[in-house]
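In this note's numbering, the protein residues as written are 72 to 488. We treat Cβ as the ideally placed atom computed from N, Cα and C, and that holds for glycine. Every value quoted in this text rests on a predicted model; they were computed, and no experiment measured them. To start, the structure under review is shown below, and the notes come after it.
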Ligand code: UD1
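Rendered as structure tokens:
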């Protein structure tokens, strides 16, 4: 199995291009199920999770073609098998996003329940309740959600928790429902906005995406479209955190600085100098970062997907930082691995108190989930000596060519077998 070997201690210098956003591409690929016409997507990152989604769609009868320049073409002339099997859903929870589109298109769907996950329980009750409010009957049998609906009907749905994929699920279903759907307490994440942009291009009538109140007027049919996937704000944030930790000066292109306000604010608080253009971000860090505390929250708050990377930054910062996780109940697994590199971290419930040390030391560590892996990479870049990260398949799910990009910035990083 592949591992990553990092020799720490070098500042980062140079320029890299940010990839398209995994978390936007996943729901957007599912919109192909809503039309017989081709959906052409560009700026699609080369990631395992997106290959899994393509495989899932292909099993349902969707024609999947790849094009040059990070392009993919999806065409669901007919949906022959409206089912998402356990084997695919268990490797990628976002597979449940096919439920709403399948119901809207075929009037039926059979989608495996995702089950647990390394970072917490992650139920899908809000997805189910929302679709039921739109007239679907959903029963749970043998670990599957069996859903049926003649035609979904618009409804006013007050979501009990802010859920990103839940909002996306209901928005896609509502696009083809009869009548108007109003989603209250909707997620405001930029990926929800990107999905709405794609759906609108297909002919959907959606207002308010990006606010907590989304209004969708159902239409009879949707057409094909061409859509460029938004830049990955978490990949961007990861590179910025890496530069803040390792020091140096880097420039990111193809980015969306306006989706990163919380992260940029915290990096500035840590002492980084940051300049943004329309699609570029430059960061310069001289000396040791100051300790900054963060509390995760739904967008526009500080992203839970950036929490682990900021814990790595806090590990070598000057002073003590409090890192509080409010979205997932078990998202501190990386703390134990960071401790193996010499970090001083005390966990009290959902808060980690990180007292910065001058130096981390390289060691063998194990990645437990996607963003945890990124925090170990950042720690490895600043640690003295060599860090060997095991189970990097987690990284491959969410970072496109991470070691090549970091290598281009001067990091000593290689994939070993
Ligand atoms: C998405 C992101 C993930 C990110 C997360 C939070 C994708 C593919 N993944 O995950 O990277 O970490 O948002 O920003 O976009 N919840 C319920 N019931 C539900 C749904 C969610 O109680 O039906 C709870 C979850 O357990 C969690 C919270 O709501 O505590 C937020 O989860 P949610 O926003 O749904 O996360 P995902 O959409 O799965």
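Restricting attention to alpha helix (DSSP H) runs no shorter than 4 residues, the segment 138 to 190 encloses them at 157 to 162 and 170 to 177, ordered along the chain.
Excluding sequence positions up to five before and after residue 373, its CB lies within less than 6 angstroms of the CB of 333, 365 and 367, all in the same chain and listed in chain order. Of the candidates 296, 323, 301 and 300, the residue whose Cα lies closest to the Cα of residue 309 is 323. Comparing C-alpha distances from residue 293 to each of 219, 251 and 176 shows the shortest one belongs to 176.
Between residue 460 and residue 75 a beta carbon distance of about 4 angstroms is seen, short of the 8 angstroms cut, so the two are scored as contacting. Sixteen is the threshold: when 16 or more other Cβ atoms of the shown chains lie within 10 Å of the Cβ of residue 468, as they do, the residue is buried. Look at residue 155: its beta carbon is at least 7 angstroms from all of the heavy atoms in the ligand UD1. For the 8 angstroms CB-CB criterion, residue 327 and residue 362 do not form a contact.
Here residue 271 carries a helix assignment [DSSP, helix/strand/coil].
Sixteen is the threshold: since fewer than 16 other Cβ atoms of the shown chains lie within 10 Å of the Cβ of residue 126, the residue is exposed.
Around the Cβ of residue 435, a 10 Å sphere holds fewer than 16 other Cβ atoms; the residue is exposed. Scanning the segment 73 to 101 from its first residue to its last, the whole alpha helix (DSSP H) runs of 4-plus residues come out as 93 to 101. Judged by DSSP in its simplified three-state form, residue 461 adopts strand. If you check the CB distance, residue 456 and residue 79 come in under 8 angstroms. Judged by DSSP in its simplified three-state form, residue 301 adopts coil rather than helix or strand.
DSSP links residue 351 through a beta bridge to no other residue.
Here the segment 343 to 356 does not lie against the segment 237 to 254, with fewer than 3 beta-carbon pairs under 8 angstroms apart. Buried is the label assigned to residue 303, since at least 16 other Cβ atoms lie within 10 Å of its Cβ.
8 angstroms or more divides the Cβ of residue 117 from the Cβ of residue 147.
Here the segment 407 to 421 does not lie against the segment 274 to 288, with fewer than 3 beta-carbon pairs under 8 angstroms apart.
Restricting attention to beta strand (DSSP E) runs no shorter than 3 residues, the segment 274 to 328 encloses them at 276 to 278, 284 to 288, 296 to 299 and 319 to 324, ordered along the chain. Annotation for residue 405: the continuous alpha helix (DSSP H) segment containing it runs 404 to 411.
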